[in-house]
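Asks: The sequence shown begins at 1 in UniProt numbering and counts up one residue at a time.
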Amino acid sequence: MSGQNTVTPTADSLIEAAKAAKARGTPPLEKWNPESCGDLDMQIKRDGTWFYQGTPIGRIEMVKLFASILWREGDDYFLKTPVEKVGITVEDAPFVAVDFEAEGAGEAQQLRFLTNLGDVAEAGAALPIRVVRDEETGEPAPYVLVRRNLEALIDRKSFYRLVDLGQHRDGWFGVWSGGEFFGIIPSEDLP
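#1: Tell me whether A105 sits in a helix, a strand or coil according to DSSP, three-state version.
#2: Can you list, in chain order, the residues of its chain whose CB lies under 6 Å from that of P34, leaving out five sequence neighbours each side?
#3: Shortest alpha-carbon distance to P28 belongs to which of I129, V163, R148 and E107?
#4: Does the segment 50 to 63 come into contact with the segment 101 to 108, if we say contact requires no fewer than three beta-carbon pairs (one atom in each stretch) closer than 8 Å?
#5: Starting from V63, trace the alpha helix (DSSP H) both ways and give me its first and last residue.
#6: Using a Cβ-Cβ cut-off of 6 Å (strictly less than) and excluding sequence neighbours within five positions of V132, which residues of its own chain qualify?
#7: Grouping DSSP H, G and I as helix and E and B as strand, with all else coil, what is E139?
#8: Tell me, please, whether the segment 108 to 115 touches the segment 68 to 84 by the rule of three or more beta-carbon pairs shorter than 8 Å.
#9: Among the residues of its own chain, which have a CB less than 6 Å from the CB of A121, if the five just before and after it don't count?
#10: Alpha carbon to alpha carbon, what distance is there between K64 and I154?
This is how it looks when you write it as structure tokens:
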């Protein structure tokens, strides 16, 4: 035996650690390097609903608290504290962009997205928009980077509004934001 206590993560222990970290401002997740403690029965569905042990988490404050310690490594997602790192399941993206505002036009346009948890992301070089098309159906799945390497799926109504702002540039149909052009679809693929 090494003399160290074995850490068994629970939602309660993560809540306490997240509250303590949040009280000091934005948690510095990039500075924390705890050992992995396994997985927690927590899932974020494609519509942005968080589940714990198969039950939706109904308290938005608790969801925001968990989201404040959400970390991504490659395709894996974790809740991370100074002493624990537990894996969770994310069906698509951890957030949903439920609305946006557009200011200006053309190259001077700025798009400001709002997520289901109240995060605001101003699309640009640091927070890009990307669109993935399903290889079989061609259906687009648009995303915007929200923070660190965590994205929000742009909801359908917002995506339709984005398309209304679209322009053609260098063989692509897309949108401008923060001085960057984000291609949505090759112009030749438009009906």
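The C-beta atom is built at its ideal place from N, Cα and C for all residues, glycine as well.
Replies: On the basis of the coordinates in this document:
#1: coil
#2: V83, E84 and K85
#3: R148
#4: no
#5: I60 to A67
#6: A141
#7: coil
#8: no
#9: F113, L127, V144 and V146
#10: 19 Å
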